[in-house]
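A.B. asks: In my numbering, the protein residues as written are 1183 to 1334.
A virtual CB, placed ideally from N, CA and C, is assigned to each residue, including glycine.
Handing you a structure now.
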């Protein structure tokens, strides 16, 4: 094969391979049935579907890095969180710190709360209904588990 014919053949083969690689894939096959209201689900329909998916969830843990920027202060800290759903209610343990040093520990049970400020060596505790400013609102409801997962 002459050199120019070989080059032309190579270019044609390359173009064919490139074209085949760029060809669109067949559409995926849908399995299952589409709900009757699709795609016009209401907010409540979507929320119920999310709640059904988490009904069997009994516990979760999380690690977070937080950066707080308010007019009064600007801080960053880390948090370790453990939440458990029980027959008598939810419980939540939260440890806050910076650079590996624990600054505070919080325990919220269905009826009470404990906040230990390690920096001041001070313990605040009481009935959950009396938590007031000691706890953020989502933790004072007795449904911390659902609140942290966005289910309420």
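If distances are taken between C-alpha atoms only, which option among 1308, 1287 and 1295 comes closest to residue 1302?
C.D. replies: Looking up residue 1302 in the chain shown gives position 120. The residue with the shortest Cα to Cα distance from residue 1302 is 1287.
A.B. asks: Figure out for me which residue from 1266, 1215 and 1244 has the closest Cα to the Cα of residue 1238.
C.D. replies: Within the chain shown, residue 1238 is the residue found at index 56, counting from 1. For the residues 1266, 1215 and 1244, the minimum Cα distance to residue 1238 belongs to 1266.
A.B. asks: Taking Cβ positions, are residue 1285 and residue 1261 nearer each other than 8 angstroms?
C.D. replies: One-based indexing of the chain shown puts residue 1285 at position 103. One-based indexing of the chain shown puts residue 1261 at position 79. Not closer than 8 angstroms, so no.
A.B. asks: For residue 1291 and residue 1309, I'd like the C-alpha separation in whole angstroms.
C.D. replies: Residue numbering aside, residue 1291 sits at position 109 when the chain shown is read from its first letter. Residue numbering aside, residue 1309 sits at position 127 when the chain shown is read from its first letter. If I take the Cα positions, the gap works out to 9 angstroms.
A.B. asks: Classify residue 1289 as helix, strand or coil using the three-state DSSP reduction.
C.D. replies: The count along the chain shown starts at 1 and reaches residue 1289 at position 107. Residue state, collapsed to three classes: strand.
A.B. asks: Rounded to a whole number of angstroms, what is the C-alpha to C-alpha distance between residue 1258 and residue 1252?
C.D. replies: As a first step, residue 1258 must be located in the chain shown, where it is residue number 76. As a first step, residue 1252 must be located in the chain shown, where it is residue number 70. Answer to the nearest angstrom: the Cα atoms are 11 angstroms apart.
A.B. asks: To the nearest angstrom, how far is it from the Cα of residue 1215 to the Cα of residue 1231?
C.D. replies: Residue 1215 sits at position 33 when you count from the first residue of the chain shown. Residue 1231 sits at position 49 when you count from the first residue of the chain shown. Approximately 15 angstroms between the Cα atoms of the pair.
A.B. asks: So, is residue 1241 buried or exposed, given that buried needs 16 or more other C-beta atoms within 10 angstroms?
C.D. replies: The residue you call residue 1241 lines up with position 59 of the chain shown. Exposed, because fewer than 16 other Cβ atoms sit within 10 Å of the Cβ of residue 1241.
A.B. asks: Which residues bound the beta strand (DSSP E) around residue 1319?
C.D. replies: Locating residue 1319 in the chain shown gives position 137, counting from the first residue. That residue, residue 1319, is in no beta strand (DSSP E); its alpha helix (DSSP H) goes 1319–1322.
A.B. asks: Quick check on the DSSP output: what are the complete alpha helix (DSSP H) runs of length 4 or more inside the stretch 1232–1306, in order along the chain?
C.D. replies: List check, alpha helix (DSSP H) in window: nothing returned.
A.B. asks: Check this for me: beta carbons of residue 1295 and residue 1269, under 8 angstroms apart or not?
C.D. replies: The residue given as residue 1295 occupies position 113 in the chain shown. The residue given as residue 1269 occupies position 87 in the chain shown. Contact flag unset, no.
A.B. asks: Rounded to a whole number of angstroms, what is the C-alpha to C-alpha distance between residue 1299 and residue 1331?
C.D. replies: On the chain shown, position 117 is the one that residue 1299 refers to. On the chain shown, position 149 is the one that residue 1331 refers to. Cα to Cα, residue 1299 sits roughly 26 angstroms from residue 1331.
A.B. asks: Just the C-alpha distance for residue 1223 and residue 1254, rounded to the nearest angstrom, thanks.
C.D. replies: Residue 1223 sits at position 41 when you count from the first residue of the chain shown. Residue 1254 sits at position 72 when you count from the first residue of the chain shown. Approximately 43 angstroms between the Cα atoms of the pair.
A.B. asks: Quick check on DSSP: helix, strand or coil for residue 1309?
C.D. replies: Residue mapping note: residue 1309 aligns to position 127 of the chain shown, counting from 1. In the structure shown, residue 1309 sits in a strand (DSSP, three-state: E or B).
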